[in-house]
Amino acid sequence: DIYSKMAGSSSMDVDLLMEECDDMPDLVDMLPEGGKLPSLIDQNAEGEKAKDPEEFVSVNRKRKRGKEGKEGEDVEMEEGGNKKKGEKGGRPESEKGEKRKIAVPPHRYAPLKEKWVQIFTPCVKQLGLQIRYNMKARNVELRLPRGETDTTKLQKGADFVKAIVLGFEVDDALALVRLDHLFLESFEVADVKFSLKGEHVGRAIGRIAGKDGRTKLLIENVTKTRVVVADTKIHLLGSYQNIRVARHAICSLILGSPPSKVYGNLRNLANRSCERM
């Protein structure tokens, strides 16, 4: 029959399939009682250990500069050593000497530049100071060398530079370096008489200077001081007693005393000083 033939053919096919499947691997044995399957995490860990381990490579962190830096330029960030916060690469603050700063007004830039050699030579050779001109801050900086603690020379150097900035000649200002007990004093015309306004201030300054500068020169010679008239400011250089006498004479002229009366007082003072000598 047809059905019997189909059954015979199917049995033959099955037999052939079983013969072809003889090469299949053996079945896995059953686990013993209480056994557990290995964890997938452990298997993966063992597989990674079998591979060659890759060491970590340290990479310097880089970042681009902002507005201050150049565009597209990378900067390597390095870890600082044992530097403290705020400490710079120069000498530490404990080793730096004491400093003085003398501001320079704009109208004194050119004279300072012309006389710079005459200024720093006494400061370096005679006083042993470190001096420089700060172009950014527009001031002269003086500093004691390392290990020095006496500030007398530093103060002398600061007074010397300040005298030149105020308008004194270099030869006159050198007296502050060579001699002791010399001082600088400054005051304005308005400090003596506040009510002076307009042209009256110019007249007061004219009485101080005198014709061709004779009155100022007479005050300097009698009192052994140096006087600088800069606009409405008067600067004096000398000893304490001599500055006091010169200041009294100048104040008398500002207040309106006749120049002849001031001359007489100065002559009397000069005669007394000669008698004492």
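If you count by the UniProt record's numbering, then the sequence shown holds residues 1 to 277, one letter each, in order. Beta carbons: idealized from backbone N, C-alpha and C, even for Gly. Computed from a predicted model, the values in this text were never measured in an experiment.
Put simply, of Ala246, Gly202, Ile243 and Arg207 the residue whose alpha carbon is nearest the alpha carbon of Ser260 is Arg207.
Within the same chain, and ignoring the five residues on either side of Leu255 in sequence, the residues whose Cβ sits closer than 8 Å to its Cβ are Val192 and Lys193. Secondary structure remark: continuous beta strand (DSSP E) runs of at least 3 residues inside the stretch 123-156, in chain order: 130-134 and 139-143. DSSP lists Val140 as the beta-bridge partner residues of Ile102.
Apart from the 5 residues on each side of it in sequence, Gly167 sits with its Cβ closer than 7 Å to the Cβ of Val228, Ala230 and His235 in its chain, given in chain order. Glu114 sits in a helix when the DSSP states are folded into three classes. Collapsing the DSSP output to three states places Lys233 in a strand. Taking a contact to require three or more Cβ pairs closer than 8 Å, the stretch 149-162 and the stretch 123-136 qualify as touching. Judged by their CB atoms, Lys101 and Asn139 are nearer to each other than the 8 Å cut-off. Its chain contains Ala249, Ser252 and Leu253 as the residues whose beta carbon lies nearer than 7 Å to that of Val262, once the 5 sequence neighbours on both sides are disregarded; these appear in chain order. As far as DSSP is concerned, Glu169 takes part in no beta bridge.
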